[in-house]
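53 is the number of the first residue of the sequence shown in this note's numbering; add one for each residue after it.
Ideal Cβ placement from N, Cα and C applies to all residues, glycine included.
Comments concern the structure below.
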Amino acid sequence: MIYHINRVTMKATVTPEQIEGVLESWRNQGRSNPAIKSFVVGRDHGGDYTYGAVFVVEHLDGLFAYLTHPTTYQTDHLGLHLVERLEIFDVSDDDDPDLNAKIQELHRRRNELNPQIAGMLADVPTYTGSGVDD
């Protein structure tokens, strides 16, 4: 299993309605994407972020299906310009020693397939996560 985790802090100018729109878009991803086996969207507790979402997929093909699903792109378009800080990472129980490199490659491939989203990610003031070149 792969747990794909998004943590965000919104810009100070973002309205409660905009925040709820982004959270609902994340929920829609979880409900509508068949690659997602379970998900949770809500407040981020115990960290420096405000909101988070966790999407569970079974394997690398499922992760790529999540990353390139229309609802994922929809959330990106809706919310990335509202984000001050973003952290994206993946947690897995898979023992493959090359899994990190494979996950990183999926994120990079997604960004290559959709340069507009890659540009939007680059515009987030503070962004760390999978597929980011050091």
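Short of 7 Å in beta carbon distance, which residues of its chain neighbour residue i, apart from the five on each side in sequence? Order them along the chain.
i: F141; result: I57, G181, S182
i: G131; result: V74, S77
i: D128; result: I169, M172
Near residue i, which residues of its chain fall below 6 Å by C-beta distance, leaving aside the five closest residues on each side in sequence?
i: A117; result: A87
Looking at residue j and residue i, is the spacing between their C-beta atoms short of 8 Å?
i: L115; j: I155; result: yes
i: E139; j: R59; result: yes
i: V106; j: Y55; result: yes
i: V143; j: M62; result: no
i: R137; j: Y103; result: no
i: N166; j: Y125; result: yes
What does the alpha-carbon distance come out to for the pair residue i and residue j?
i: E110; j: T120; result: 16 Å
i: P177; j: N85; result: 29 Å
Let me know the secondary structure DSSP gives residue i once reduced to three states.
i: M53; result: coil
i: G114; result: helix
i: D186; result: With a pLDDT of 47 at D186, under the threshold of 50, the modelled position of this residue cannot be trusted, and the question is left open.
i: T180; result: strand
i: M62; result: strand
In terms of residue numbering, what span does the beta strand (DSSP E) encompassing residue i cover?
i: L138; result: 135–144
i: H104; result: Checking the displayed sequence, the identity of residue 104 turns out to be Gly instead of His. 103–109 is the span of the beta strand (DSSP E), which, as asked, contains G104.
i: G131; result: Note, G131: premise wrong, no beta strand (DSSP E); alpha helix (DSSP H) at 122–131.
Beta-carbon within less than 8 Å of residue i's beta-carbon, same chain only, minus the 5 sequence neighbours each way: which residues are those?
i: V108; result: M53, I54, Y55, H56, I88, K89, S90, F91
i: A170; result: N163, E164
Grab the span of the alpha helix (DSSP H) containing residue i for me, first residue to last.
i: G171; result: 167–174
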